[in-house]
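Structure, as structure tokens:
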Amino acid sequence: MFATRRVIAALLACLFVLGPGFVLAQAVEPPSAPRPPTQLEKRASALLERAVKHIEATGEAGSAAFSREADFVDRDLYAYAFRTDGEFLASGGYSAALIGTNVLGFKDTEGKAFFREMVAIALEQGMGRVEYHWFNPADSRGEPKVTLFRKVGNVIVAVGYYSPRATPIQAKAMLKAAAKALDDDPATALADFQRIDGRFIRDDLYVFAVDIASGKFLAHGASPVLVGTDAHLLQDAHGRRVVTEMLDVLRKKDNGELKYQWMNPASGRQESKHTYFREVDGKLVGVGYYIR
194 MFATRRVIAA LLACLFVLGP GFVLAQAVEP PSAPRPPTQL EKRASALLER AVKHIEATGE
254 AGSAAFSREA DFVDRDLYAY AFRTDGEFLA SGGYSAALIG TNVLGFKDTE GKAFFREMVA
314 IALEQGMGRV EYHWFNPADS RGEPKVTLFR KVGNVIVAVG YYSPRATPIQ AKAMLKAAAK
374 ALDDDPATAL ADFQRIDGRF IRDDLYVFAV DIASGKFLAH GASPVLVGTD AHLLQDAHGR
434 RVVTEMLDVL RKKDNGELKY QWMNPASGRQ ESKHTYFREV DGKLVGVGYY IR
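The number in this note's numbering is simply the position in the sequence shown, starting from 1, with 193 added.
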């Protein structure tokens with residue numbers, strides 16, 4: 194761990210010397226920490242398990258139940274099925290319009306033939322997951338989607354879900370809780386900010402903290418490897434030194450907010466982010482949400 198931090202710190206220093214033409218967030222942004230399954234993924238897994246057991250018991254013909262029975266729909270989640278030759282069999286959601294068609298040639302909004310990828314993985318491994326971009330009826334736009342699937346005979350059973358999105362209210366609430374925890378017990382709070390099973394990491398929400406005097410990261414829920422490195426060197430996709438901008442704000446008042454581009458750990462993509470931050474006993478603490 195300490196060796197990794199030294200390597201990252203060295204890379205940061207090199208990029209600083211090379212100048213502003215090199216964007217740190219793009220070039221050496223550390224990987225996000227492994228995360229436990231979200232509640233949404235747990236729901237999807239449970240629905241998939243239920244649907245798989247049904248097909249195991251009833252065979253391909255039983256997939257018709259996915260289109261008509263509430264047992265295979267869980268609020269915004271639904272089961273669907275298609276054969277390994279590409280014929281779409283059934284769905285409890287909007288994809289019911291595909292029933293009877295061959296979907297192997299279908300592509301997502303970025304040109305990815307994800308059904309074909311699912312078949313390839315299913316034939317080789319029997320189960321898996323695929324990530325792609327699909328039209329979300331909730332907001333009428335293409336968004337990152339994850340589908341979990343399993344092969345039962347010649348049938349692939351699947352359940353998909355859209356990457357979770359936090360709201361401004363949720364971000365503000367987490368910041369308020371983080372500030373209180375940091376004020377009550379700094380050492381415990383900083384450790385809690387990086388616990389993947391704790392209350393300060395929720396889907397695409399996480400807390401980060403910076404020592405104002407030194408500019409060093411004290412905690413980072415998405416990339417713990419940043420702890421101990423110089424936050425001033427971190428830039429977004431457009432070359433903005435976002436933490437430096439936040440610290441500049443805190444020299445004039447005790448709180449603020451900032452919009453910039455950043456990697457979303459839930460979707461794995463550079464997205465627009467809106468971060469709320471404040472000063473707590475010489476420390477900058479912040480929480481941001483990703484803008485749809």
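Cβ atoms here follow ideal geometry from the backbone N, Cα and C, with glycine treated the same way.
When burial is assigned at 16 or more other CB atoms within 10 Å of the CB, is residue i buried or exposed?
i: N457; result: buried
i: S407; result: exposed
i: Y271; result: buried
i: G481; result: buried
i: E472; result: buried
i: Q318; result: exposed
i: Y355; result: buried
i: I484; result: exposed
i: Q232; result: exposed
i: A263; result: exposed
i: K338; result: buried
i: A239; result: exposed
i: Y325; result: buried
i: P417; result: buried
Taking residue i as the reference, which of the options has the closest Cα?
i: A384; options: G285, G414, S288; result: G414
i: H431; options: L375, Q463, A250, A254; result: Q463
i: A424; options: I389, T381, G479, E242; result: G479
i: I405; options: L440, G449, A371; result: L440
i: D278; options: R309, K409, G353; result: R309
i: E280; options: I349, V403, P417; result: I349
i: A258; options: R268, V245, D269; result: V245
i: F470; options: Y483, V420, F401, F410; result: F401
i: W327; options: E438, A364, K305; result: K305
i: R276; options: G346, L241, K446, L427; result: G346
Looking only at its chain, what residues have a beta carbon closer than 8 Å to the beta carbon of residue i, apart from the 5 residues adjacent to it on each side?
i: P379; result: D474, K476
i: S260; result: A283, S284, G285, A289, I292
i: T251; result: A258
i: R388; result: I394
i: R243; result: D264, F265, A272
i: R392; result: A370, D385
By Cβ distance below 7 Å, which residues in the same chain neighbour residue i in space, the five residues on each side in sequence not counted?
i: Y453; result: D429, R433, V435, K466
i: M320; result: F342, R343, K344
i: A364; result: L398, Y469, V480, G481, Y482
i: G237; result: One detail in the question is off: residue 237 reads as Ala in this sequence, not Gly. The residues are L270, L341, V352, Y354.
i: A412; result: L383, F386, Q387, V400, F401, A402, V420
i: E438; result: L451
i: Q219; result: Reliability fails at Q219, whose pLDDT of 36 lies under 50, so the model's placement of it is uncertain and no value is given.
Leaving aside the five residues before and after residue i along the sequence, list all residues of the same chain whose C-beta is less than 6 Å from its C-beta, in chain order.
i: D376; result: V473
i: E253; result: V348
i: T294; result: F281
i: R268; result: none
i: F448; result: Looking at the sequence shown, residue 448 is not Phe but Asn. Excluding positions up to five away in sequence, the list reads R471.
Cβ contact (3+ pairs, closer than 8 Å) linking the segment 314-321 and the segment 287-305
no
Check whether the segment 397-406 touches the segment 359-367, taking contact to mean three or more Cβ pairs, one atom from each stretch, closer than 8 Å.
yes
Ordered list of beta strand (DSSP E) runs contained in the segment 322-392, each at least 3 residues
334-345, 348-355
Runs of alpha helix (DSSP H) lying entirely within the segment 387-467, each at least 4 residues, in chain order:
435-443
For a minimum of 3 consecutive residues, which ranges assigned as the beta strand (DSSP E) are wholly contained in the segment 266-292?
270-276, 281-284
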